[in-house]
């Protein structure tokens, strides 16, 4: 044969719309088939499964079609393209399913009672998460109070002063700290306060704040460090040239320039730790009553509230599960709001570097 | 105090108190920042010291006092350590190919205008608290996969992973691993995306100019460049999966066994899940035993994260914290 290997530049191409049409077609065909099957057997139609199967069918069809029309290299290229898109769709399925389930199950108890009552003397229906929301705000607030000064000062050290082995060690261990399992942070807080305060069964809110700080500090350090680094050196030099000492330059020039980025980082750090369950389960414990005192007695938090409502249902299981879902919805809304605020801060107060 | 250059004697003498004050306040501020940095190192050291201090009673205690009366402390930890690694590895096997695919999709396939928005969508997964994942895993995922598990044990029962009998509730280690995979996908994806975006544009354009298709270009330019980064991103994901607690505590129905069966009702628990389930009721030496298992978890994740960070830091300055 004269042309054993056709030139890929001159071979036929599939029309641009063909992948999209194929994808929609496979979804519809698989949807109809499984719809008929489930109607025959009386089972409920599983939309996630239909989307997944339809996408797989699309991957195979597109590969075969491209192989017939365009040749093997283009076919492999198309196969990978569709596989990569499939991976993205697979990742979307749990996210959508999760958000949907939380909203649907959480709304029935997402009412004023939920936000104005604690669980004190509640068996069965009624009650709310006021004590848990208060505890979450107190413990996370205290953790923020601890983490922000330590994290920001460390970032300042790393950017403005740090040279040599100490700075390298801090950078490395801050990175390692981001990987500490949250439950180990809780165990540390427990081990520390149980030994120092000589109370083998210790449970109190401040311990939870310490555990959360351990998880929060590395995030604050890394984000603040990055923000301080992008402050232009010209600003610092202009300040030095006016005779301003270094520490005042940092406080009055460097930090105000990067304050928006730092605030974004801190907000994201809060969003990360506010949903932590394991360390608070261990050191803050759980209770049905209000507790405003961080330094004494067990303190309920929202994630632990969700867990205990699910794990220790009383006689009326549905009432407990509904409260758990309402708590989960509240928690997700808080975290999403924090993420949104962080992005807004970053966008509105972005530093004008004049480039 | 280092001396200032003395040329203009009169002016120096009038300015000196101010300069001394500046030097001192500069020194104080510098000292404060060093203390903050040192505090982080001290905290990490304290984690190790206090966990060890609280673990020792469990190591020297009579093993009969431990839960389930194992023959020794190590017999108690063994199945837990196995379950921890097993669940995390399963999650990793599922998460890594998906994450690399998603990262490639965002960095090289999606139209540039919507790529950033798609990145946010994946990051949304990372924002969901683990306790909500646990609730979702037990009420949505476990019932959904139970028929699939039944099919697997019926048709692939000869494989050691799907030995019958099948679990009737879907609360198996495979379900846990699926949820863990969903949780670590955003971490691995974010890092891989960063690395893929750093591939030198000239390499990519050279490959395309030689007539490579997009996939051939990625094979030749992007993947070799990002290999080290992909490995360390996977290890960071592994570290997160090892330490994840609430999903295991809520979804798994645990037993003290060493078993590779993915779909049965006898599943090895993990260290973190075991601590969360037993800590609230533990007392005496039981507390110390749980802390000792936590120490082992800490050491495992410390080693894995250090290696991952070492690889990643040789490459460039990015971390999972940003």
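Chains as they are written, first to last, in the working numbering: chain A, 296 to 650; chain B, 5 to 326.
Using N, Cα and C, we set each Cβ at its ideal position, and we do this for glycine too.
Report the start-end ranges of each beta strand (DSSP E) in the region 319-361 of chain A that is 3 residues or longer and not cut off at the edges.
None, since the region 319-361 of chain A contains no complete beta strand (DSSP E) of that length.
Which residues, in order along the region 533-546 of chain A, keep a beta-carbon less than 7 Å from a beta-carbon of chain B?
Hits within the stretch, in order: 540, 541, 542.
Which term fits residue 314 of chain B, buried or exposed, when burial requires 16 or more other beta carbons within 10 angstroms of its beta carbon?
The residue you call residue 314 of chain B lines up with position 310 of the second chain. Classification for residue 314 of chain B: exposed.
Looking at chain A, which residues of the region 98-116 of chain B have a Cβ within less than 7 Å of any of its Cβ atoms?
For the region 98-116 of chain B, which is checked against every Cβ of chain A, the residues closer than 7 Å are 102, 105, 106, 108, 109, 113.
Between residue 80 of chain B and residue 67 of chain B, what straight-line distance do the alpha-carbon atoms span, to the nearest angstrom?
Sequence index remark: in the second chain, residue 80 of chain B carries index 76 (1-based). Sequence index remark: in the second chain, residue 67 of chain B carries index 63 (1-based). Computed Cα separation, rounded: 9 Å.
Residue 476 of chain A: buried (16+ other C-beta within 10 angstroms of its C-beta) or exposed?
Position 181 of the first chain, counted from the start, is the residue given in the question as residue 476 of chain A. Under this definition residue 476 of chain A is a buried residue.
Who are residue 271 of chain B's beta bridge partners in DSSP?
The residue labelled residue 271 of chain B in the question sits at position 267 within the second chain. B:258, per the DSSP bridge assignment.
Give me the chain A residues within the contact set of residue 282 of chain B, using Cβ-Cβ distance strictly less than 9 Å, ordered along the chain.
As a first step, residue 282 of chain B must be located in the second chain, where it is residue number 278. Those within 9 Å of residue 282 of chain B in chain A number zero; the least Cβ separation is about 11 Å.
From which residue to which residue does the alpha helix (DSSP H) around residue 244 of chain B run?
Within the second chain, residue 244 of chain B is the residue found at index 240, counting from 1. Counting along the chain, the alpha helix (DSSP H) containing residue 244 of chain B begins and ends at 227-247.
I want to know whether the region 71-78 of chain B touches the region 208-225 of chain B - three or more CB-CB distances under 8 Å.
Contact fails: fewer than three Cβ-Cβ distances are below 8 Å.
Check whether the Cβ of residue 189 of chain B lies closer than 8 Å to any Cβ atom in chain A.
Here the question's residue 189 of chain B lines up with position 185 in the second chain. It does; some Cβ of chain A falls within 8 Å.
Taking residue 243 of chain B as the reference, which of B:214, B:90, B:164, B:262 has the closest Cα?
As a position in the second chain, residue 243 of chain B is number 239, starting the count at 1. Nearest C-alpha to residue 243 of chain B: B:90.
What does residue 432 of chain A reach in chain B if we use C-beta pairs closer than 9 Å?
The residue labelled residue 432 of chain A in the question sits at position 137 within the first chain. Residues of chain B passing the Cβ test: none, with the nearest at roughly 15 Å.
To which residues of the same chain is residue 649 of chain A closer than 7 Å at the C-beta, ignoring the five residues directly before and after it?
Locating residue 649 of chain A in the first chain gives position 354, counting from the first residue. Unreliable positioning characterises residue 649 of chain A in this predicted model, as indicated by a pLDDT of 49, which lies under 50. The coordinate reading is nonetheless provided below. Answer for residue 649 of chain A: no residue qualifies.
For the region 264-271 of chain B and the region 233-253 of chain B, state whether three or more C-beta atom pairs, one from each stretch, are separated by less than 8 Å.
As far as the Cβ criterion goes, the region 264-271 of chain B does not touch the region 233-253 of chain B, which means the pair count is below three.
Residue range of the alpha helix (DSSP H) that residue 390 of chain A falls in?
Here residue 390 of chain A refers to the residue found at position 95 of the first chain. Segment 367-401, the alpha helix (DSSP H) holding residue 390 of chain A.
So if I threshold CB-CB distances at 9 Å, which residues from the region 463-475 of chain A count as touching chain B?
If the cut-off is 9 Å between Cβ atoms, the region 463-475 of chain A has 464, 465, 466, 467, 468, 469, 470, 471, 472, 473, 474, 475 near chain B.
How do the region 545-557 of chain A and the region 518-537 of chain A stand: do at least 3 beta-carbon pairs fall below 8 Å, yes or no?
Contact holds: three or more Cβ-Cβ distances are below 8 Å.
Specify, as a first and last residue, the run of the alpha helix (DSSP H) that residue 90 of chain B falls within.
Residue 90 of chain B sits at position 86 when you count from the first residue of the second chain. Element bounds for residue 90 of chain B: 77-108.
Going along chain B in order, which residues have a C-beta closer than 8 Å to the C-beta of residue 551 of chain A?
Position 256 of the first chain holds residue 551 of chain A. Per Cβ cutoff of 8 Å: no residues; residue 551 of chain A is ~16 Å from chain B at best.
If residue 88 of chain B and residue 274 of chain B are in contact, beta carbons under 8 Å, what's the gap, nearest whole angstrom?
The residue labelled residue 88 of chain B in the question sits at position 84 within the second chain. The residue labelled residue 274 of chain B in the question sits at position 270 within the second chain. That belief holds up - the Cβ atoms of residue 88 of chain B and residue 274 of chain B are roughly 4 Å apart, short of 8 Å.
Measuring only the C-alpha atoms, how far is residue 335 of chain A from residue 329 of chain A?
Position 40 of the first chain holds residue 335 of chain A. Position 34 of the first chain holds residue 329 of chain A. Cα to Cα, residue 335 of chain A sits roughly 10 Å from residue 329 of chain A.
Round the Cβ separation of residue 573 of chain A and residue 478 of chain A to the nearest angstrom and send it over; I've been treating them as touching at under 8 Å.
Within the first chain, residue 573 of chain A is the residue found at index 278, counting from 1. Within the first chain, residue 478 of chain A is the residue found at index 183, counting from 1. Indeed they touch by this definition, with Cβ atoms about 4 Å apart.
Run down chain A in chain order and give the residues with a C-beta less than 7 Å from the C-beta of residue 313 of chain B.
For the purposes of this step, residue 313 of chain B is taken as the residue at position 309 of the second chain. By Cβ distance, chain A contributes 467, 470, 471.
Give the DSSP-derived three-state secondary structure of residue 604 of chain A in the structure shown.
Position 309 of the first chain, counting from 1, holds the residue named residue 604 of chain A. Residue 604 of chain A: helix per DSSP, three-state reduction.
Counting beta carbon pairs with one atom in the region 509-518 of chain A and one in the region 630-647 of chain A, are three or more of them shorter than 8 Å?
Flag = no, the region 630-647 of chain A and the region 509-518 of chain A do not touch.
For residue 570 of chain A, go through chain B and note every residue whose CB falls closer than 9 Å to its CB, in chain order.
Taking the first residue of the first chain as 1, we reach residue 570 of chain A at position 275. By Cβ distance, chain B contributes 131, 132, 133, 134, 135, 136.
Please classify residue 117 of chain B as buried or exposed, where buried requires at least 16 neighbouring CB atoms within 10 angstroms.
As a first step, residue 117 of chain B must be located in the second chain, where it is residue number 113. Label assigned to residue 117 of chain B: exposed.
Please compile the residues from chain A whose C-beta is within a distance smaller than 8 Å of the C-beta of residue 30 of chain B.
In the second chain, the residue the question calls residue 30 of chain B occupies position 26. Ordered by position in chain A, the residues that pass the 8 Å Cβ test against residue 30 of chain B are 540, 541, 542.
Once the 5 residues before and after residue 322 of chain A are set aside, which same chain residues still bring their CB inside 6 Å of it?
As a first step, residue 322 of chain A is located in the first chain; it is residue number 27 there, counting from the start. 349.
Short check: CB of residue 373 of chain B to CB of residue 62 of chain B, under 8 Å?
As shown, chain B starts at 5 and ends at 326. That puts residue 373 of chain B outside it, with no answer to give.
With a 10 Å radius around its C-beta and 16 neighbouring C-beta atoms as the bar for buried, classify residue 416 of chain A as buried or exposed.
Taking the first chain and counting its residues from 1, the one referred to as residue 416 of chain A is at position 121. Classification of residue 416 of chain A: exposed, given that the 10 Å Cβ count is below 16.
How should residue 287 of chain B be labelled, buried or exposed, when 16 other C-beta atoms within 10 angstroms of its C-beta is the threshold for buried?
To locate residue 287 of chain B, count along the second chain from 1; it is residue 283. It is exposed - the Cβ of residue 287 of chain B has fewer than 16 other Cβ atoms within 10 Å.
Need the endpoints of the alpha helix (DSSP H) that residue 617 of chain A sits in, please.
In the first chain, residue 617 of chain A corresponds to position 322, counting from 1. Segment 612-643, the alpha helix (DSSP H) holding residue 617 of chain A.
When the cut-off is 8 Å and only beta carbons count, does residue 378 of chain A lie next to chain B?
Numbered from its first residue, the first chain carries residue 378 of chain A at position 83. Yes, residue 378 of chain A lies at the interface with chain B (some Cβ there is under 8 Å from its Cβ).
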